[in-house]
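Working notes, structure below.
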Amino acid sequence: MKNYHSIGKVIFAILAVCCFLWIIFQSREFFTKELFTSKIVSVEVLLCLLLMPLNWSLEAYKIYSLTYGEVSFLQSIKAVLKGLSFSFFTPFGLGSYIGRSIQQRINQSSIIVQISFISSIMQTAISILFGIVALKYLSQSISNSWIQQMIQYGFFTIVVLCLISIILYFYFEQFQIYILDFIRKFWHVQSIRFAQFSLFDLSKLFIICCIRYAVYVFQFVVLLNLFEYFDFITMLSIACIIYCIQSLIYLPSTVNAVARGALLAFIFSLYLMPESDAYRVSWLLFWINIAIPTIIGFIYLIIDSKENLYEKISVR
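Numbering (this note's numbering), first residue to last: -14 to 301.
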């Protein structure tokens, strides 16, 4: 069994290195020397960088605030960053749960997974809600009738998917059982139900989710403002729509960056704007919001692994 764990760690490290090298290779054509001096070294990018710790601190604060001291704020931040490092190339948000639960005590792993699960549902619901409103606004601002019709179909599809999801979650108990059994199987969580948390806890979690949503949407808007193609409301709508679509499709972080770039490029093309600038914005956002925290998460994983190893040696 120990050999399998060692092989797993080696494969994990190799995949991480390959992903980072691939990202660097892919992004080199978007960041020329001229662009670096004129756009990347700017107030907008600096502001986005400053908001990044706030973004992930809010995610960690969800865990800290609902555990009432059982998990410290530093432990919460470490759990979130470790989750990021695992979700770097794992789909459906599975890596995030695994990363947050490893190197924790059993009772801590249980509560962290429960809070993360409920928080994920709330964060997705908020993204969908604002995405629908933004999609409605954007459909009215584009004059092309074919595009308008396509956006209307997209709007209708999202609404239907939301309704189906609500029905499945609240009315089909068997569907809930499958989900909960799957999570219990992998993370030894006894139960995950809204009843475990008070209305006050859920309200507090919802407010934190809303604030965090505002932060990462604002980061996107700030980077879109680099090229000054759109007014503020349009940029806000674009960010909300893209996050809405991405919240419905769980992809690894690396693939998510490519998908976000493709979605943004499509929207840029509707306004006859350079698609290459859309990819630049997407890659900048990826490096600031995902790549840097992921690197820190890997460092925490290595440090904690060494500490656990030293503890085992000292016990022997």
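A virtual CB, placed ideally from N, CA and C, is assigned to each residue, including glycine.
Beta-carbon gap between residue i and residue j smaller than 9 angstroms
{"i": "Ile113", "j": "Leu233", "result": "yes"}
{"i": "Glu29", "j": "Leu208", "result": "yes"}
{"i": "Ser101", "j": "Lys189", "result": "no"}
{"i": "Ser61", "j": "Ile83", "result": "no"}
{"i": "Arg197", "j": "Glu55", "result": "no"}
{"i": "Leu59", "j": "Trp41", "result": "no"}
{"i": "Ile223", "j": "Leu249", "result": "yes"}
{"i": "Ile227", "j": "Arg245", "result": "yes"}
{"i": "Phe182", "j": "Ile103", "result": "yes"}
{"i": "Ser95", "j": "Arg85", "result": "no"}
{"i": "Phe217", "j": "Met258", "result": "no"}
{"i": "Cys229", "j": "Gly116", "result": "yes"}
{"i": "Ile273", "j": "Gln204", "result": "yes"}
{"i": "Gly123", "j": "Thr219", "result": "Per the sequence shown, the amino acid found at residue 123 is Leu instead of Gly. Taking 9 angstroms as the Cβ cut-off, Leu123 and Thr219 qualify as a contacting pair."}
{"i": "Ala347", "j": "Leu221", "result": "Residue coverage of the chain in this structure runs from -14 to 301, which leaves residue 347 outside it and unanswerable."}
{"i": "Phe191", "j": "Tyr256", "result": "no"}
{"i": "Cys194", "j": "Gln125", "result": "no"}
{"i": "Asp289", "j": "Lys63", "result": "yes"}
Classification of residue i by the beta-carbon crowding that lies within 10 angstroms, buried from 16 upward
{"i": "Ala199", "result": "exposed"}
{"i": "Ile284", "result": "exposed"}
{"i": "Gln67", "result": "Note on residue identity: the sequence assigns Lys, not Gln, to residue 67. So Lys67 counts as buried."}
{"i": "Ala242", "result": "buried"}
{"i": "Tyr49", "result": "buried"}
{"i": "Asp262", "result": "buried"}
{"i": "Phe73", "result": "buried"}
{"i": "Gln99", "result": "buried"}
{"i": "Pro237", "result": "buried"}
{"i": "Phe253", "result": "buried"}
{"i": "Leu35", "result": "exposed"}
{"i": "Ser81", "result": "buried"}
{"i": "Leu51", "result": "buried"}
{"i": "Thr22", "result": "Confidence at Thr22 is low in this model, with a pLDDT of 49, below 50, so the placement of that residue should be treated as unreliable; the coordinate-derived value is given next. Answer is exposed; the Cβ neighbour count stays below 16."}
{"i": "Ile264", "result": "Note on residue identity: the sequence assigns Tyr, not Ile, to residue 264. Counting Cβ neighbours within 10 Å, Tyr264 comes out buried, since at least 16 surround it."}
{"i": "Tyr53", "result": "exposed"}
Residue i - containing alpha helix (DSSP H), residue span
{"i": "Thr52", "result": "Val28 to Thr52"}
{"i": "Tyr201", "result": "Leu184 to Leu209"}
{"i": "Val65", "result": "Phe58 to Phe71"}
Cβ-heavy atom distance, residue i to the ligand SAM, below 8 angstroms
{"i": "Phe205", "result": "As for the ligand SAM, it is missing from this structure, which has no ligand bound."}
At which residue ranges does the stretch 216 to 293 contain complete alpha helix (DSSP H) runs of 4 or more residues, listed in the order of the chain?
217 to 233, 238 to 255 and 260 to 271, all fully within the stretch 216 to 293.
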